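Colleague: This is the structure I want to talk about, given as structure tokens.
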Amino acid sequence: MRISYTIAESQPGWLLLASTDRGICSVMLGDEKQKLIDSLRHEFPRAEIGRDDLSLQPQVKTLVDSLTGQSPCVDLPLDVRGTAFQLRVWEELRRVPRGQTVSYGELAVRIGKPSATRAVAHACASNPVAIITPCHRVIRKDGHLGGYRWGIERKRKILEAENRLC
């Protein structure tokens, strides 16, 4: 498999976007570019991975613009792999509107698995395409932010920015 990636600066930190010829396979957020690249290589150890800023510029611009409110939604082709359960959770997450949040339990109910709150949380933590599949919009039932793969402060900043833009 061949994966191309690019890295851009964004409000919540560095954003790495990676894509196959079928669609985006990874979006990561972080503080250090090299750690993001290393994480991509770890996630896809058998892939041929190379940087391609030029051809991925439109996709990364769409993501960065969505974080600043210049683009209302992110609708990009995806090439993500997961279990049937994960794919259902991620699909439902993409239905949560900008500026709104949902609890893990509510998300479990929406996918028809009301007792699967922990499994929903695990699926959110395994989300390979940050921002596109907005796992940052999932909170605990008590209203607290809960965890976030890319850091709780980053989650807070993304949600605050989305709330200002709505």
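Converting from the sequence shown to my numbering requires adding 144 to each position, the first position being numbered 1. Don't be surprised by glycine CBs; every beta carbon is placed ideally from N, CA and C. Values in this document were obtained by computation on a predicted structure and should not be read as measured data.
(1) At a cut of 8 angstroms, does the stretch 227–240 reach the stretch 195–205 through at least three beta carbon pairs?
(2) Are three or more beta carbon pairs between the stretch 157–173 and the stretch 253–268 nearer than 8 angstroms?
(3) According to DSSP, valine 246 sits in a beta bridge with which residue or residues?
(4) For leucine 161, list the residues DSSP reports as bridge partners.
(5) Can you give me the C-alpha to C-alpha distance between threonine 123 and tyrosine 149, rounded to a whole angstrom?
(6) In three-state terms, what does DSSP make of arginine 195?
(7) Spatial neighbours of alanine 260 within its chain, please: C-beta separation below 7 angstroms, excluding the five flanking residues on both sides.
(8) Got a sec, what are the start and stop residues for the alpha helix (DSSP H) phenylalanine 229 sits in?
(9) Where do the N-terminal and C-terminal ends of the alpha helix (DSSP H) with histidine 266 fall, by residue?
(10) Closest to glycine 157 by CA distance: which of Thr245, Asp219 and Val208 is it?
(11) Let me make sure I understand the geometry here. Which of Ile168, Met172, Ser154 and Ala152 has the alpha-carbon closest to that of arginine 293?
(12) Does the Cβ of glycine 174 have 16 or more other Cβ atoms within 10 Å, making it buried, or fewer, making it exposed?
Modeller: So, to answer that:
(1) The stretch 227–240 makes no contact with the stretch 195–205: fewer than 3 CB pairs, one atom from each, lie closer than 8 angstroms.
(2) Touching, no.
(3) Your numbering for residue 246 matches position 102 in the sequence shown. Note: valine 246 is bridge-paired with Val282 in the DSSP secondary-structure output.
(4) Position 17 of the sequence shown, counted from the first residue, corresponds to residue 161. Beta-bridge annotation (DSSP): leucine 161 is paired with Thr150 and Val171.
(5) No answer is possible for residue 123: the residues shown for the chain start at 145 and end at 310.
(6) Walking along the sequence shown from the start, residue 195 turns up at place 51. If DSSP states are grouped into helix, strand and coil, arginine 195 belongs with the strands.
(7) Looking up residue 260 in the sequence shown gives position 116. These residues qualify, in order along the chain: Ala252.
(8) Locating residue 229 in the sequence shown gives position 85, counting from the first residue. Taken as a continuous stretch (DSSP letters only), the alpha helix (DSSP H) holding phenylalanine 229 covers 228–237.
(9) For the purposes of this step, residue 266 is taken as the residue at position 122 of the sequence shown. Residue range 261–269 is occupied by the alpha helix (DSSP H) that includes histidine 266.
(10) One-based indexing of the sequence shown puts residue 157 at position 13. Minimum Cα distance to glycine 157 is reached at Val208.
(11) Taking the first residue of the sequence shown as 1, we reach residue 293 at position 149. The option with the nearest alpha carbon to arginine 293 is Met172.
(12) Mapped onto the sequence shown, residue 174 falls at position 30. Buried, because 16 or more other Cβ atoms sit within 10 Å of the Cβ of glycine 174.
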